[in-house]
Amino acid sequence: MNALPPHEKTSWVLLLQAMADDEWIVAHRGSEWLGLAPDLEEDLAYSSVNQDEMGHAQFYYALLTELGEREPEQMVFARTASQWRNACILESPNGDWARVVALRYFYEVFDDIRTNALTRAPWPSLQAGVRKIRREEAYHLEHFATWFDMLANGTLESRRRLLDAILDMWPKLGDIFSWGEPDTFLSTLDLASLRQGEVQRLWEERIRDKLHRWQIAWPGSVPLPAANGRRGEHSDDLANLLGVMSEVWRSDETALW
Amino acid sequence: MTEDHRMADFMTKIEKGQKIEANDWMPDDYRNLLIKQIHMHAVSEIMGAYPEKEWVPKAPTIRRKMALNAKVQDEIGHGQILLRLAEDLSRPYGRGREALMDDLLDGHVKFHNVFHMPAPTWADAGVIAFLVDGGAIITQAMLLDSSYAPYARMLKRIVAEESFHMQYGESVVLALAEGTSFQRNLLQEAINRWWEAMMFFFGPRQMGQSAQKMMRYKIRTKTNEELRQKFINRYAPRLWALGMRIPDPAVKQDPQTGEWGYTEPNWALYTEMVRNNSGPFSQARLDLRRRAHAGNRWVREALNHASVKPSAAES
Chain F
26 MNALPPHEKT SWVLLLQAMA DDEWIVAHRG SEWLGLAPDL EEDLAYSSVN QDEMGHAQFY
86 YALLTELGER EPEQMVFART ASQWRNACIL ESPNGDWARV VALRYFYEVF DDIRTNALTR
146 APWPSLQAGV RKIRREEAYH LEHFATWFDM LANGTLESRR RLLDAILDMW PKLGDIFSWG
206 EPDTFLSTLD LASLRQGEVQ RLWEERIRDK LHRWQIAWPG SVPLPAANGR RGEHSDDLAN
266 LLGVMSEVWR SDETALW
Chain U
205 MTEDHRMADF MTKIEKGQKI EANDWMPDDY RNLLIKQIHM HAVSEIMGAY PEKEWVPKAP
265 TIRRKMALNA KVQDEIGHGQ ILLRLAEDLS RPYGRGREAL MDDLLDGHVK FHNVFHMPAP
325 TWADAGVIAF LVDGGAIITQ AMLLDSSYAP YARMLKRIVA EESFHMQYGE SVVLALAEGT
385 SFQRNLLQEA INRWWEAMMF FFGPRQMGQS AQKMMRYKIR TKTNEELRQK FINRYAPRLW
445 ALGMRIPDPA VKQDPQTGEW GYTEPNWALY TEMVRNNSGP FSQARLDLRR RAHAGNRWVR
505 EALNHASVKP SAAES
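Taken in sequence, the protein lines are chains F and U. Adding 25 to a residue's 1-based position in the first sequence gives its number in this note's numbering. Adding 204 to a residue's 1-based position in the second sequence gives its number in this note's numbering.
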C-alpha cells in the first residue's frame, strides 16, 4: 500500500484503527468472562466469539502495518490510552450478563453495518478479509440477538436487568458512530455510506424495531458523548485495562515471550 | 435372573475386557464409583480453568493470548462433556447439572490438589500447561481402556486436546528457559512451586479402597505409583535438558531397577487442602465458580422461562 497517496493512507489508518481497536478491546473484555458465563455451554460459545474477534483485530492490525503503522504486537502492548481509538463503551468493565447481552447486541448490529459497507471497499485485500470476517460475524449477531430475545422475554428479573443495562449505556454509546474526524475523509475512500449520520440512522432503525418487538420504550436518538474514544479521549477504565494487559509484556520489554 | 447371577455375568464381562455402556445393567457399586470418578474429573477440569484464566488478560503476545483463551475453553469443554456422562449415570438418583454443580460449591465433590494453589506469575501458567496437563495425560491415558465405554470414548478426545495443551505449555516454558535471566528465574520459581504438588497429584503409593475397587472393575488400569514413575521418567530429564533444577535432591533414577526416587510430598497438608477446600486459593477459585453458577442462576431461569422461539438469524 506504499503507492497510496498520503491523504488516502491517513484515511485508511483512521478507519482501520477504530475497527481494530474496537475488536481487540471488546474481545479482551469478553475474555474476562472465561469460566464465568451463565452455563458451560455459553462459556464455550462466548469464548469462540471472542477468539474470532481477536482474529479480526489481528487482521486489521496487519493491514495497518502495511500502511506504515507499528507492528501488531506494538499496537496492542505498547500504546498508551490516548493512542487507542476504540469507542469508550467497549472499555468499561463487564457488569452482569444482561449488560453483556445488550452491549454485544448493539455492537454486533453496528459492526454488521460497518463491515457491510466495507465489502465494497476499493482495497481488494481488505474487501476479501472483511467478506470472510462477515461469515463469522453473522453467527455473533445471531447469538446475541437470540440472547436479547431470551432475556427480554424470560423472567421479570431478566427483563428488568436488560432494561437497566440498556438505559445505563444508552447515553454512552454515541462515539461508536463517530470517526473522530469530519466525515469528509470517507469520500476519499469512496465509502460515503460510513458517514456517522448514515451509520447511526441505519443502526437506530434496526434497534428501534428490536425494542418495539419486546415493548421496550425507545430511549430517543443516541446523544453525542461527553468523551470521544475515536479522538483518544478515554476513561480510566482503559488505562486500567491496558495496565493489566501489558503487565507481563512490560516486566521485560527486551524479552521474547 | 437373580442379583447374584447378574453380578457374576457382569464381572465375567469385565474380566474378559468387554465394555459397559450407559444403558447396560451395572451394580450400584460400579455406578457410584463411576459417578465419583467422573464427577471429580469433570469439576477438576472446570476448576483447572481458573488458575490459567487469570492469565488470559495478561498474556504477553497476541498469539499466546489466543492460544491460552482456546486452552481454557477446551478445559471448560472437557468439564461439560464429562458432566454429561455424570448426569447420565446420576439419572437413577434424579440428579442433573444444577445439583452436580451445587455439589462443588457445597464441598461435596473434590477437585485436584494442584488447582488449590496460587499461580502468581506468567511462568506458573506455562508450568501448569506443561506439567499439570502432562500429568493429566498420563492419568487419562490409562483410562482410555476403561471398562466404561462412554468414559473411554470421551477421553480419546480429551487426551488428544490435552496433548496440544502440553505442547503449548512446552512452548511457553521453552521461551522462558531460552530467555533473559529474569525469565529463567520466573520459570525456576514456578517449577519450585509446582513440583511437590505434582508428586501428590498421582495419589498415595498405598491406594485407598475406592481406587483398588476401580482397578478390580477395570475402570482404571494402573496404580498411582506406576503413573508417578511414568511422570518423573518423562519430565525430570526434560526439565534438566532445559537447564532447570528440580527442587528435590532425591529425584534420581536407580540404574539397576530404573525406578525413580523422590521425596514424599506432604500428604497430610495436601489431603487436608483437598478435603476441606482449605488451600491458599481454594476459596478464591470456588468464589469464581459461585459467581458463574449461583450468580447467574437468574439467567438460566430466564432461559427456562422464555416462551417464544428465539428470532431467526438477523441480517
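The beta carbon of each residue, even a glycine, is placed where N, CA and C say it ideally should be. Keep in mind that this is a model prediction, so the values were computed, not measured.
Spatial neighbours of U/Ala327 within its chain, please: CB distance less than 6 angstroms, with the 5 preceding and 5 following residues excluded, ordered by chain position. Leu380, Leu390, Leu391, Ala394
Do you know offhand how far F/Phe169's Cα is from F/Glu133's? 8 angstroms
Name, going along the chain, the residues of the region 120–154 of chain F whose beta-carbon falls closer than 7 angstroms to a beta-carbon of chain U. Trp122
Any chain U beta carbon closer than 7 angstroms to F/Gly60: yes
U/Pro264 CB to nearest chain F CB: under 7 angstroms? yes
When DSSP labels each residue in this structure, what does U/Ile450 get in the three-state scheme? coil
State yes or no: is the beta carbon of U/Ala506 nearer than 7 angstroms to at least one beta carbon in chain F? yes
Quick one: list the residues of chain U neighbouring F/Met44, beta-carbon separation under 8 angstroms, in chain order. Near F/Met44 there are no residues of chain U at all, since even the closest Cβ is about 16 angstroms away, more than 8 angstroms.
If we cut at 7 angstroms on Cβ distances, does F/Gly179 have a partner in chain U? So, interface residue.
Name, in chain order, the residues that DSSP records as bridge partners for U/Ile224. U/Tyr352
I want to see whether chain F comes within less than 7 angstroms of U/Gly252, judged by CB atoms only; does it? no
Determine the direct distance from the alpha carbon of U/Arg357 to that of U/Asn317, and round the result to whole angstroms. 26 angstroms
What is the residue span of the alpha helix (DSSP H) that U/Gly338 lies within? 337–347
Answer with buried or exposed for F/Asn75, where buried requires no fewer than 16 other C-beta atoms within 10 angstroms of its C-beta. buried
Using only CA atoms, which one of F/Pro118, F/Phe84, F/Leu39 lies nearest to F/Gly55? F/Pro118
Which of helix, strand or coil DSSP assigns to U/Trp229: coil
Between which two residues does the alpha helix (DSSP H) containing U/Met418 stretch? 413–420
Using 8 angstroms as the cut-off, can you tell me whether the region 246–266 of chain U makes contact with the region 326–345 of chain U, which would need three or more C-beta pairs spanning the two stretches below that distance? yes
Which same chain residues end up closer than 7 angstroms to F/Tyr71 when comparing Cβ atoms and leaving out the 5 residues on each side of it in sequence? Gly55, Trp58, Ala62
Supposed contact pair F/Met194 and F/Ala252 - C-beta distance, whole angstroms, cut 8 angstroms: Wrong, their Cβ atoms sit about 14 angstroms apart, outside the cutoff.
Could you check if F/His53 is buried or exposed, using at least 16 other CB atoms within 10 Å of its CB as the buried criterion? buried
Which residues of chain F have a Cβ atom closer than 7 angstroms to the Cβ of U/His509, listed in chain order? Gly179, Thr180
On the premise that F/Glu94 lies in contact with F/Val38, defined as a C-beta separation below 8 angstroms, what is that separation, rounded to the nearest angstrom? 6 angstroms
Here's a check: name, in chain order, each residue in its chain whose Cβ is nearer than 7 angstroms to the Cβ of F/Leu198, leaving out the five neighbours to either side. Ile114, Phe131, Val247
F/Trp109, DSSP secondary structure in three states: Reduced to three states, the DSSP call for F/Trp109 is coil.
In chain F, what lies closer than 7 angstroms to U/Gly373 by C-beta? Near U/Gly373 there are no residues of chain F at all, since even the closest Cβ is about 14 angstroms away, more than 7 angstroms.
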